[in-house]
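In the order they appear, the protein sequences are chains A and B.
For the first sequence, our numbering assigns the number 9 to the initial residue and increments by one for each residue that follows.
For the second sequence, our numbering assigns the number 658 to the initial residue and increments by one for each residue that follows.
First the structure, in the form of structure tokens, and then the observations on it.
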Amino acid sequence: MADHESSYQPSTGFEKWFDDRLPIIRFSKEHLMDYPTPKNLNYWWTFGGILAMMLGIQIVTGIVLAMHYTPQANLAFDSVELIKRDVAGGRLIQAVHSTGASMFFFAVYIHIFRGLYFGSYKAPREVLWMLGVLILLLMMATAFFGYVLPWGQMSYWAATVITNIFAAIPVIGDPLLQLLRGGFAVDNPTLNRFFSLHYLLPFIIAAVVALHIWALHVPGNNNPIGVDVKSSRDTVAFHPYFTMKDGFAMVVFLIPYAWLVFFAPDILNHSDNYIMANPLVTPPEIVPEWYFLPFYAILRSIDFPLWFIDSKLLGVIFFGASILILFFVPWLDRSKVRSGTFRPLFKPFYWLFVLNFLMLMYLGTQSPSIWWVPALGKIGVAYYFIYFLIILPLLPRFEVTRPLPASISESVLRPART
Amino acid sequence: MIQKKNILSALVTGLLLATAPVMAQDNAAAPAAPASAPATTTNSGPAANSTTPESTTAQPQSSQGGNQANPTAGNNANAPSQPGTGAQSSSPATGAAGTSPSTNNAEQGATSAGPVEPVNLGEAQVPTQSWSFAGIFGRYDQNQLRRGFQIFKEVCSNCHSANLLSFRNLGEPGGPEYSAAQVKALAATYTVADPSAPGGKRPALPSDRWPAPFATEQDARDANGGALPPDWSVLAKARGAKREFPWWVFDYFTTYQEGGPDYIHALMTGYHEQVPAGVTNADGTPFKLPEGKYYNDYFPGHAIGMPPPLSDGLIKYEPGADGSTVPETVDQYARDVAAFMMWLAEPGLDSRKEAGFRVITFLLLFAVIMWMVKRRIWSNVEH
């Protein structure tokens, strides 16, 4: 927080001279060590640190992979295989990177759902939340571009299907589609620009993450009871308390990650992506990566037109809205109480929302030709939007919230459990 | 893709494999040095014919594509050839392939008689086999890889390329592990194109790639009735069995990654001489096998362009280093060649899993230490 006294005391003449000119050590001490953090943060809060670690892992492994990768349509597929076979440690680096994308999304979904449960988006943290949604969007774009680079069948057809989404936009759709692809069909120019963007976006993500952390350090952390920090008794210094707790959580997170990297590096891949891209052969099924499945299911479930909007454009509108609506959550939720712990009516709707999200994820893997897939899909889409547009704004009118603890310290000493 | 509904047995097998190092494959009967006299093949299978890489002969002749197999195709392997010179007749398939996306699988290729409707019905479930390399303790069986390599060398490589395989790979740890001298001698029996060599050709070195049987895709199609024999480099990972919810959840714990070898084994053992009675198309009409195709239980659409490549007694195995032998049956050949293909697709499997044990052991210990330090630091804070 900005209003606490700095404990940094330059101890040598040089440090004092340097501090007067660039107070970066003072800044680091204030924000990486002394930053007062609510002492009741649970392990759901460690995913922020885990995400920072994942971004670091992806950037480092990605830079090494880019040294050996060839972004050329005839060579890309084999170059990825040669990284695995002939580059020292290449099999490991490639697996860490490709599995890392999934672990990154796994962590980000937990991070987002934690925010949704504990009301971390509410005033004064709206900008913090919106920056997070922006990071999610950038992550999705980066992951999509990265998935195209191995130039397998799934890469190629995912690129075709996803870029096709933009063709549904009226007037500018077709020029936009050609701009994205660098031509009329997905081909070498597409691969080149996707590689360029895949290398660029992570650094933009890193910049937005810096803003995200800045926006966090102005109001300070939310916490599981959602009651503002009242005094220094409610907080502990970030270091060593949370460096240690986050560090422990990171190591635990690395265990299933390593399990997949070393024992099942291909389990998250589609086997068709080991067939080199072939524009003349459509795979029997085109399935996106698991982390896109809920949104893919939303896109597919809208198979009907509305007024003058055809079904394809309507699907794209719902698809876009399902992510963009997150930007408005801070104003859609009218409840004065932040934490879901003290909202008895909110809780069932929230968990239904989580289940609904998982159901959409499952439906994304199923063929829409099965009759119940589009039917359940429409129900899932309806609840997804009802949650944000009706339940969050109207629920506080009927809800009697449970009494809030006076402070974090009080809640710690007398735990209020349901 | 292969529908797999009877997952329970697969799951049980997977669990067993993950929890106990079942070295299911007997470590027997490896062929002798790869460069040894290869004249042990009997020509009983339609496609199993040649004993040396230079003499590719009788390809399947029943199809309308390359009606006469080109006996020089093998020799063309590494020489640049003009399109059309490699075979007497060009398949009409290529014209059709260029115009519209086809849903055919690569093995079906662009078939000549117009697009074949995908017949994804009634495909048999791919049975789960036990593999020495399954599960976290699984490792390749060196004798089995040598047997599988022998099959590849004597039978499969007459039509299938393996462009990412270098001769040196055959001597690397975690593979068939032939000696450096054996690899060198084996490579020397092959000829590769080298523009800087006199005559443009020279004997292969261990650093060379495995020579492809056909110079171009078109040559390969012409010699195989319009169907393209897929490259083997990563083929074992390009095939698999679809796992329905919730069974795939357990795969994350059993690390089931053997859908490809399971499918290959099933494909090799799934041929029928005639279409079995009662097989129908999606609309209920009787299933009719297109000309030049073979009926297979497990191939998507059942009509595969590859004739049954294996038959009992086709390949003569030398006893293994310990004198043990394995039966010379299609089933055993299929297992061995599927294991070899898995190694080809994932040559670093053994070292990857060994490293995994070290890394995860370290992480577990490190996590315990971190937890103890964290407890200690937080011990004076009510939280």
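For glycine and all other residues, C-beta sits at the position ideal for the given N, C-alpha and C.
Alpha carbon of residue i to alpha carbon of residue j, nearest angstrom
i, j, result
"residue 227/A", "residue 236/A", "9 Å"
"residue 839/B", "residue 861/B", "13 Å"
"residue 1005/B", "residue 270/A", "11 Å"
"residue 263/A", "residue 1017/B", "6 Å"
"residue 202/A", "residue 153/A", "5 Å"
"residue 17/A", "residue 36/A", "13 Å"
"residue 958/B", "residue 219/A", "54 Å"
"residue 427/A", "residue 164/A", "No information on residue 427/A is available, as it lies outside the stretch 9 to 426 that chain A covers here."
"residue 993/B", "residue 802/B", "7 Å"
"residue 383/A", "residue 330/A", "18 Å"
"residue 334/A", "residue 139/A", "11 Å"
"residue 77/A", "residue 109/A", "18 Å"
"residue 144/A", "residue 1029/B", "34 Å"
"residue 362/A", "residue 789/B", "40 Å"
"residue 214/A", "residue 257/A", "21 Å"
"residue 317/A", "residue 311/A", "11 Å"
"residue 267/A", "residue 141/A", "29 Å"
"residue 57/A", "residue 193/A", "40 Å"
"residue 914/B", "residue 340/A", "45 Å"
"residue 287/A", "residue 886/B", "18 Å"
"residue 845/B", "residue 918/B", "30 Å"
"residue 848/B", "residue 825/B", "15 Å"
"residue 186/A", "residue 177/A", "13 Å"
"residue 283/A", "residue 54/A", "39 Å"
"residue 124/A", "residue 950/B", "57 Å"
"residue 191/A", "residue 170/A", "15 Å"
"residue 428/A", "residue 45/A", "Any question about residue 428/A goes unanswered here, given that chain A covers just 9 to 426."
Environment of residue i [buried if 16+ CB atoms lie within 10 Å]
i, result
"residue 1038/B", "exposed"
"residue 888/B", "buried"
"residue 19/A", "exposed"
"residue 416/A", "buried"
"residue 159/A", "buried"
"residue 1014/B", "exposed"
"residue 89/A", "buried"
"residue 254/A", "buried"
"residue 811/B", "buried"
"residue 332/A", "exposed"
"residue 877/B", "buried"
"residue 921/B", "buried"
"residue 155/A", "buried"
"residue 371/A", "buried"
"residue 869/B", "buried"
"residue 903/B", "exposed"
"residue 50/A", "exposed"
"residue 21/A", "exposed"
For residue i, the nearest candidate out of the options (CA to CA)
i, options, result
"residue 385/A", "137/A, 138/A, 331/A, 327/A", "327/A"
"residue 890/B", "942/B, 998/B, 1029/B", "998/B"
"residue 122/A", "372/A, 313/A, 346/A, 376/A", "346/A"
"residue 369/A", "408/A, 419/A, 47/A, 309/A", "309/A"
"residue 1035/B", "380/A, 250/A, 209/A", "250/A"
"residue 70/A", "100/A, 50/A, 86/A", "100/A"
"residue 307/A", "360/A, 206/A, 376/A", "376/A"
"residue 83/A", "124/A, 132/A, 200/A", "200/A"
"residue 151/A", "128/A, 233/A, 105/A, 195/A", "105/A"
Cutoff 7 Å; reference residue i; Cβ partners in own chain excluding five residues on either side
i, result
"residue 946/B", "932, 952, 960"
"residue 134/A", "338"
"residue 364/A", "388, 391, 392"
"residue 2/A", "Residue 2/A is absent from the structure shown; chain A starts at 9 and stops at 426."
6 Å CB neighbourhood of residue i in its chain, flanking five on each side removed
i, result
"residue 98/A", "91, 92"
"residue 15/A", "42"
"residue 367/A", "388"
Any non-hydrogen atom of the ligand ZN within 8 Å of residue i CB
i, result
"residue 977/B", "Judged by which ligands are present, the structure shown has none, so any question about the ligand ZN falls away."
Neighbourhood of residue i by C-beta, 8 Å cutoff - its chain only, sequence neighbours within 5 removed
i, result
"residue 828/B", "834, 835, 836, 837, 839, 840, 863"
"residue 107/A", "265, 268, 269, 273, 276"
With three or more beta-carbon pairs closer than 8 Å as the criterion, would you say the stretch 878-886 of chain B touches the stretch 820-838 of chain B? Verdict: no, contact absent.
State whether the stretch 786-793 of chain B contacts the stretch 960-976 of chain B, with contact taken as three or more CB pairs (one from each stretch) at a distance under 8 Å. The stretch 786-793 of chain B vs the stretch 960-976 of chain B: no contact.
Touch test, the stretch 350-357 of chain A against the stretch 393-410 of chain A, Cβ-Cβ under 8 Å, three pairs minimum: Contact holds: three or more Cβ-Cβ distances are below 8 Å.
Meets three-Cβ-pair contact criterion under 8 Å: the stretch 173-185 of chain A and the stretch 317-325 of chain A: Verdict: yes, contact present.
Any 3 or more C-beta pairs closer than 8 Å across the stretch 893-911 of chain B and the stretch 271-278 of chain A: Output reads yes: the stretch 271-278 of chain A touches the stretch 893-911 of chain B.
When the Cβ atoms of the stretch 25-33 of chain A are set against those of the stretch 193-213 of chain A, are three or more pairs found closer than 8 Å? Under the three-pair Cβ rule at 8 Å, the stretch 25-33 of chain A does not count as touching the stretch 193-213 of chain A.
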